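Numbering (the numbering used here), first residue to last: 1290 to 1553.
Note that CB positions come from ideal geometry on N, CA and C, so glycine has one too.
Quick caveat: nothing in here was measured; it's all calculated off a predicted structure.
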């Protein structure tokens, strides 16, 4: 009764209340739909769950930007047919090093989280994606005894008219350890600034791990326990709600419907 009287005698205040409700609802649904796909030959127009045809990149199975055909080709021939690009110009990579190349490829092609860092002028490129430092360090440790001839794999190779990559004559093969010296240098220089080495905060909410593990919380320790727990994965200032975070927003929406709608 009080609410009905208030609305009848305070129409301006009521209009303000309705406006605030609309803005609130907009923020809820915008946050929930942050996942998007960058433009690319093997990217879908929007993220969706993977199908049974997917052969790898399962870390993004619930919301994936890559096509099943991409994963089939990645498993069969790496990126040799996808981009005419070989990872092995200085000899066959070790299995543990090669695994990180696959993770990077899956991350770039399949993750719906990287859209926020799409390059402002180059379609399909990324700029400054915050990658968790421990992932970069693990990548460096896995590859440091392997060899590579260029620091920047996107720009420093010689490329044929068909974009096949080859080592320049003046760039001899060197170990990853000699070429990069650290996980920070590897992540930030290998991909022309696409990735930014980022020290993780307590709940790993300020960075991404290319294996997708941050989607389920912080990485586990050697004894299997989690380092911390968070209900929301947040990248910079944009939150990406987990199921718990979404439930909390859903609850807030129900409260709005219960208490504000009767005022209309």
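Residue j beta carbon less than 8 Å from that of residue i
| i | j | result |
| --- | --- | --- |
| residue 1499 | residue 1448 | no |
| residue 1406 | residue 1390 | no |
| residue 1497 | residue 1409 | no |
| residue 1382 | residue 1483 | no |
| residue 1359 | residue 1331 | yes |
| residue 1436 | residue 1470 | no |
| residue 1457 | residue 1401 | no |
| residue 1417 | residue 1485 | yes |
| residue 1328 | residue 1413 | yes |
| residue 1441 | residue 1392 | no |
Residue i burial status per 10 Å Cβ neighbour count (16 or more: buried)
| i | result |
| --- | --- |
| residue 1356 | buried |
| residue 1403 | buried |
| residue 1454 | buried |
| residue 1487 | buried |
| residue 1450 | exposed |
| residue 1316 | Bear in mind that a pLDDT of 38 at residue 1316, under 50, signals an unreliable position, so the number given afterwards is only what the model happens to contain. It is exposed - the Cβ of residue 1316 has fewer than 16 other Cβ atoms within 10 Å. |
Bounding residues of the alpha helix (DSSP H) (the contiguous stretch that carries residue i)
| i | result |
| --- | --- |
| residue 1361 | 1357-1366 |
| residue 1429 | 1422-1432 |
| residue 1392 | 1384-1399 |
Straight-line Cα distance separating residue j from residue i
| i | j | result |
| --- | --- | --- |
| residue 1493 | residue 1421 | 8 Å |
| residue 1489 | residue 1345 | 26 Å |
| residue 1323 | residue 1445 | 34 Å |
| residue 1464 | residue 1354 | 33 Å |
| residue 1365 | residue 1371 | 11 Å |
| residue 1386 | residue 1461 | 20 Å |
| residue 1432 | residue 1475 | 10 Å |
| residue 1557 | residue 1363 | The chain is shown from 1290 up to 1553; residue 1557 falls before or after that span and cannot be answered. |
| residue 1352 | residue 1341 | 14 Å |
| residue 1388 | residue 1411 | 27 Å |
Contact set for residue i: own chain, Cβ-Cβ below 8 Å, skip 5 residues either direction
| i | result |
| --- | --- |
| residue 1368 | 1374, 1375, 1376 and 1394 |
| residue 1452 | 1372, 1373 and 1374 |
| residue 1334 | 1326 |
Host beta strand (DSSP E) of residue i (start-end)
| i | result |
| --- | --- |
| residue 1478 | From DSSP, residue 1478 is part of no beta strand (DSSP E) but of the alpha helix (DSSP H) over 1472-1478. |
| residue 1465 | Premise fails: residue 1465 lies in the alpha helix (DSSP H), 1465-1468, not in any beta strand (DSSP E). |
| residue 1333 | 1332-1337 |
| residue 1484 | 1484-1487 |
Own chain residues within Cβ distance below 7 Å of residue i, not counting five before or after
| i | result |
| --- | --- |
| residue 1443 | 1480 and 1481 |
Own chain residues within Cβ distance below 6 Å of residue i, not counting five before or after
| i | result |
| --- | --- |
| residue 1426 | 1472 |
| residue 1343 | 1357 and 1360 |
| residue 1501 | 1348 and 1349 |
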